[in-house]
Each structure stands twice: as C-alpha cells, then as structure tokens.
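**Q**
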Amino acid sequence: MATPYTGDRGLGTNAVISENFAKQLTDLPAELLEHILCFHVLNHIDICNVSCTCKRLHDVCHGRGKVWAHQHKLRWPRLQRFYQQNESYDWLKEFKTRHMVGQQIRRTVESISKRFFTEVPCVGQVLGDSFAEIESLGAPEHFCADELLEILNSDKRKCLTLKYYAKKILYFLRQQNILRNLKVFLERPPELQSALEGAVLVDQYCNPLADVTLESISAQIEEITDKVKKNLRVKNATHPSLRASDCFVLENLEFQKQVICALNAVLYDQLQYKGNERDYYNPLNSYIHQVLLRRTGIPISLSVLYMTLARKLGVPLEPVNFPNHFLLRWCQNQRRWASDDIYDYVYIDAFGKGKQLAAKECENLIRHQVGADYYSAISTSELLLRMVGNLLNIGKRGEGNEKSYQLLRDSLDLYLTINPDNVQYLLLQARLYFHLGIWPEKVLDILQHIQALDPSQHGAVGYLVQHTLEHIQHKRHPVEPEVKKRSVPEHRDVLYSVGLIMKHKRSGYNCVIYGWDPKCTMSQEWINTMRVHQLSKGADQPFYNVLVQDGTCRYAAQENLEPHSAPLEIAHTEVGRYFSEFSDTHYIANEELQARYPEDMCKTHRTVEEHYHGLTANSGQSPEPTANFQDHDLLDP
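My numbering puts the first residue of the sequence shown at 648, with every later residue one more than the last.
1. Cα-Cα, which of K743, E757, H789 is closest to R728?
2. From S1285 to Y934, what distance separates their C-alpha atoms?
3. Taking DSSP as the reference, what is the three-state secondary structure of R722?
4. Grouping DSSP H, G and I as helix and E and B as strand, with all else coil, what is G1223?
5. Thinking C-beta only, is D1140 closer than 7 Å to P1210?
6. Mark C894 as exposed unless 16 or more other C-beta atoms lie within 10 angstroms of its C-beta, in which case mark it buried.
7. Determine the direct distance from the alpha carbon of L820 to that of Y1062, and round the result to whole angstroms.
8. Per DSSP, E1228 is paired with what?
9. For N932, count the other beta carbons within 10 Å of its own beta carbon; 16 or more makes it buried, fewer makes it exposed. Which is it?
10. What does a CB cutoff of less than 8 Å around G1001 pick up in its chain, not counting 5 residues either side in sequence?
11. Would you say the segment 1024-1036 touches the segment 959-968, given that touching needs at least three Cβ pairs under 8 Å?
12. Tell me whether R711 sits in a helix, a strand or coil according to DSSP, three-state version.
13. Report the three-state DSSP secondary structure of W1173 (helix, strand or coil).
14. In three-state DSSP terms, what is C853?
15. Just checking my contact of N1192 with R1153 at CB under 8 Å: how many whole Å lie between their CB atoms?
16. Starting from H1138, trace the alpha helix (DSSP H) in both directions and tell me its first and last residue.
17. Could you have a look at G1018 and say whether DSSP puts it in helix, strand or coil?
18. I'd like the list of long-range same chain contacts for S1170, defined as Cβ closer than 8 Å, with 5 residues on each side in sequence excluded.
19. DSSP three-state label for E1010, please.
20. Tell me whether the segment 1216-1232 and the segment 1097-1112 touch, counting them as touching only if at least three CB pairs, one residue from each stretch, are closer than 8 Å.
21. List the whole-angstrom C-beta distance separating I1148 from H1252, where the pair is believed to meet the contact cut-off of C-beta under 8 Å.
22. Taking the DSSP output, what are the residues bridged to N1192?
23. For D996, which three-state DSSP category applies?
24. Classify W1086 as helix, strand or coil using the three-state DSSP reduction.
25. Check whether the Cβ atoms of I1013 and P946 lie closer than 7 Å to each other.
26. For the alpha helix (DSSP H) that H1151 lies in, which residues bound it at each end?
27. Mapping DSSP to helix, strand and coil, what is A1186?
28. For Q718 versus H746, is the C-beta distance shorter than 7 Å?
29. So if DSSP puts W738 in a beta bridge, which residue, or which two residues, is it bridged to?
30. Which of the three DSSP states is assigned to T808 in this structure?
31. Quick one: residues in its chain with C-beta nearer than 8 Å to the C-beta of L1079, no 5 flanking neighbours on either side, listed in chain order?
32. Please report the straight-line C-alpha distance between Q1098 and L939, rounded to a whole angstrom.
33. Are at least three pairs of beta-carbons, each pair with one atom in the segment 670-688 and one in the segment 700-716, less than 8 Å apart?
34. From Y1143, R958, N929, pick the residue whose C-alpha is nearest to that of G1042; which is it?
35. According to DSSP, is V748 part of a helix, a strand, or is it coil?
36. Do you know how far the Cα of V1159 is from the Cα of V1179?
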C-alpha cells in the first residue's frame, strides 16, 4: 500500500495528497500517471512534493523519465536544441545543474555593479573567481548563456542594472567561444578554410548578441544559388552545374562564362545587390549577414559572396588583395588553371556589379600603377586580415565614443588572433586598453610580448609600463567617491535631480540626468571651446551629466534644461549602469547611484508629482534615491 508523505510541504500548487486519494492515484498505470504529472500547471516544486508522497510516485518521477524531461523543457525551452532526441538523459540531474548555474550567474551579475560602478568594466577582469566557481560545477557553457538570456528577456522596464551587466557578460562569453572556433578554423589546411566561414566568424565576433550562424548564412547562399541555377536552366537546360553538387570545377570555359553571366543577372539585376558608395565606411558593410540583409557592401564583402556563389556552381574564382579595391580573378587559360601570368586572368569587380577587367584596367580603379604581386591570389587568412583591417580602420576613424572603441577592441582581438606577432597592432591594443583604463594586468602582458618581439620599442613600452604600474597602484588605494547631498547650502541652486527625463532647450535632444555639479567642473579649455561664457550665468551655475537619446553622454548647463513635457524611455546603452527601473515618468536610481546622491530620489519624486501628477496615477511606483558618473563625450553646455 502507498505510504503518504507526512513532512512539511514546500511552495507549490499541490495540496498534501490524502491517503485515500494516493491509493486511487497509485493504482493508475505508469504511463497515465506520467501524463497527469506533465500537466502544464505543475511546476518543479510540485513534482518534488509528489515524488515524496510514496514510493510508487517516486518511481514514476525518476530522473530519466518523462516527468522531469517535461519539467526541463517547460522551464528552459531554449536548451532543448542541445539534446539529442534518441539519447537518454538524467533530466533531474540536468535540471538541478541548470538551476545551480542560474543561481550562481545571478549572484555574479548582481555583485558586479557594487564592485565596478566607478570604473569602466572590462568583463574579462570582472569575472575572475566568480566564473571559476561556475566552471567548477562542470556545467556546459550554454547553461550560463541561457540564464543570461533569461535575465535579458525579463520585464523590459525593470532590473535594468542586472540586464546591463548580464549583456556585457554574455557578450564576453560568446566572443570567447567564437575566438576558440576561429583558432580551430585557422589550424585547418588552407584548402579547407572557407572564405564564407571565416567571414561568418568575423561577423559573429563583432556581433556576438546577434543570431548569426554559418547554417543560416549558408541557407541564404543556397537560395541565391537556386535562383542562379533557374536562370542558367533557361539559357542551357543541360548545363553541368544544374546536376553537380558542391566541390566541383567546370573544365569548359564556355560553361564557366554561362555561370558568371547568370550570376551577374541574378545578383545585380534581379536581387539588386550593389556597392555601398554613399555609406562606404559603415561597419555593417563588412558583416556578411548585413550584406545579405541590406544587399549592399564593400568590395571585399561582396567579393566573398560572389566567389562563394561562383565556386558552388563550378567556377574557381580566387581572391586578389588589390590595393584600395578588393577584386576576384578568373583564369581564362584552359590549359593552366593556376597560371602565374597576370594576363591569363580576367579580374572581377564584385563592387562594380561584376564588371570584368583586364589586368591593366584594374589600375584605373585606383588611378596609379602597381606591380604584378598585387594581382596574385591570396589565402583565406590573408583575406580575413584585410577584412578585419577595414574594420580596424573604421574604429580608428570613429568619434571616440563607446561604439567606436568597442569596434576597435573587437577588430584588434580578431587581427591579433590571426596574426599574433604584429607589433604595430599589439602596441595599439596596449595603448587602447591604457587609454580606456581597463585590464592593466593584460596591458603589462602585451608590453612584455612586444619587448620580446621587437626590443627597439623599449621607449614606448617603458612609458606604458611605468604608467600602467601607477594605475594598478592607484586601484589598490581607490579614492572614496564624493557624496552629494541636496541639503548642503552650496547645493541650494541645483534644481533638478538624477532620474528626471529632460529636454535640452537649444539642441532639442531628450536625456536623463545621472549626475550633477553645483558649478561647472570642466577645464578652462572645454569652457572656452563650448562657449560657456555666452550663457547668461556662464560656468557659475549647476551642470548636469546626462545620457542622451542619440547614445552620447553630455554635460549640460541648468539654464539649458527643462523637464520633458511627455517623459519617455532613453535608449542609451549606459542607462542600466545607473538606473534599476523606468517608472513611466522617470528612472529609479540603482543602489550605487543612490549612494552618491542619497537625497535625490525624494526630489525626483516631488518633481514628478508636480509635473506629471496625471501620468503617475496608474504607475504605482515609489521612487527611491540616486548617484553620479564621469563621462567621456561632454557636449552642449
């Protein structure tokens, strides 16, 4: 007879099962019991309680059965793709491990804001022992990623600080995984290194939060290939490319010409692909998933697409590292497909709608003569260096904001993974990290590597070593941040408070306040440059640190700001660093910001009541106090 469980019941929807009911329930076949226990309203706590009721139900809820498999799928649907359908798993063990990893991930994310609020967080150095603890659980990486995604996909307006750091950690973890894949890719023999796969890895590394996979990109390439075959079939129903699979070469030049003609017709006439002349330096032009989505790109990205399609249809095009304008070459000598004579080739300009050029005509693209070496075919790794080099140059041309710094960091990581001993870029990476004030220990490692590669760099290396050591020493004795109280007499002129949504009277931009000073604290040079003296109160008035809707951080004078008439969310990447929640009319400061400005949230609440009392009736939010941060792009006083 079944023995009822008489212990205390945990949280859940089930009541304690009575003895009579337990007898009736346990008389049912196991398959029917499993079906009942997989009912969608039952959660994992209910199943734990049921399994403790008696031995019969405990056996039905065994770890490898349907009940725990259902609970796992119900709780973490994104993880199901990592399990083989025909394999047997201990679902209870998987559930427990995923649950423990989730708890540790949340503890790690929650702790980061307290430790790194005053610094520019570099996630690689932030994680440290926290992720060593997670790794000790022996859990697969996708458990960590799944928990971070769960945080990111929670209520849009809440847990903003948690989401801010979860996003940074997920970005870092995915990049580390992509770098490992890239290193494996580069270890393959050159003939097994696909230009498309390399381009996808570059794309994934620079866009680790986007859903970019080789499978999805290949599927889109296959769709274009089918369109080319359809066009080819109209011209020549017996063409060999219509029957052949991948990895073949058409020996007949006439058949190759038919493929190229059909490819040009589909790619440029039917699908309207084109070179992006208007916005040439947009990094999106280098990402293969964006090239396919927007149907535009730069010479190298369009060449990768064109070459991949041509090779799938039997035309062996080769990449050419032509200066300032990447090209493809197509051998016309049927007796020697690998000719060394540059005049045996036609050169294809994928950026110029597949235009075919003779060797000397290529020089018209760049308006000067070049040697024969520039017409040679290059390897996939050299192609990737050129592609990453383009991104690196775009990052260097940037405006010095977070977006351009991130692109510079990502492209340097990629370049030095492919070519780890490039002294020029190693030094650039060390200078970048030093400038951003992040990862000083890694800066020292890079400088040591540079010194070993090129002792003549001792001057630049010595300077950076000295100042990096000073930075490390300074971090060991941090200065306590200033606490700004509104009740202090010298702050009596400060009208606004952190969390308020504001509008700039002259420039018209929308922003949120995340800090303030009773007087302008910028240098005299900045004050002169920004013509602060032309303001009615000049620099002798409160100035506010604001996050602007366009993604910049600015330092604005009080006389130029006013509360927004219709407050809205500010789409800025750094909002989560300072605020925990958006509450319809204002932002609620997180604990760290409140510690800096302990009296501000009360002021924010009063201002909101005065200006938006009609809007706050349904919000039900009770604001709390705030804090401050230093920013880089300080504009529009």
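Idealized CB from N, CA, C, for every residue including glycine. All figures in this text were calculated on a predicted structure; none of them were measured in a lab.
**A** On the basis of the coordinates in this document:
1. Checked all of K743, E757, H789; the closest Cα to R728 is H789.
2. The displayed coordinates of the chain run from 648 to 1284. Any statement about residue 1285 would go beyond what the structure contains.
3. R722: helix per DSSP, three-state reduction.
4. Three-state DSSP puts G1223 in a helix.
5. It is not a contact, given that the beta carbons lie outside the stated cut-off.
6. C894 is exposed by the Cβ-count criterion.
7. In this structure, the alpha-carbon of Y1062 lies about 19 Å from that of L820.
8. Residue pairing from DSSP places E1228 in a beta bridge opposite I1235.
9. By the neighbour-count definition (other C-beta atoms within 10 Å, threshold 16), N932 is a buried residue.
10. Excluding positions up to five away in sequence, the list reads I907, L910, N911, L914, Y915, Y953, I995.
11. Two segments are said to touch when three or more pairs of C-beta atoms, one from each, lie closer than 8 Å; by this definition the segment 1024-1036 touches the segment 959-968.
12. Three-state result, R711: coil.
13. Residue state, collapsed to three classes: helix.
14. Of the three classes helix, strand and coil, the one that applies to C853 here is helix, per DSSP.
15. About 18 Å separates the two Cβ atoms, so there is no contact after all.
16. Segment: none, H1138 is in no alpha helix (DSSP H) and carries neither H nor E.
17. For G1018, the secondary structure class from DSSP, reduced to helix, strand or coil, is coil.
18. There are no such residues.
19. Residue state, collapsed to three classes: helix.
20. Cβ pair count under 8 Å is below three, so no.
21. Actually they are not in contact, since the Cβ atoms of I1148 and H1252 sit about 14 Å apart, beyond 8 Å.
22. According to DSSP, N1192 shares a beta bridge with G1162, Y1202.
23. In the displayed model, D996 falls within a strand according to three-state DSSP.
24. Three-state result, W1086: coil.
25. The answer is no: Cβ separation not under 7 Å.
26. Careful: H1151 lies outside any alpha helix (DSSP H), inside the beta strand (DSSP E) at 1148-1151.
27. Correct three-state label for A1186: coil.
28. Taking 7 Å as the Cβ cut-off, Q718 and H746 do not qualify as a contacting pair.
29. Answer by DSSP bridge pairing: none, since W738 is not bridged.
30. T808 falls in the helix class under three-state DSSP.
31. Only Y1052, L1055, R1056, L1059 meet the Cβ criterion.
32. C-alpha separation (whole angstroms): 43 Å.
33. Yes, they touch.
34. The shortest C-alpha separation from G1042 is found at N929.
35. Of the three classes helix, strand and coil, the one that applies to V748 here is helix, per DSSP.
36. When only Cα atoms are considered, V1179 and V1159 end up about 21 Å apart.
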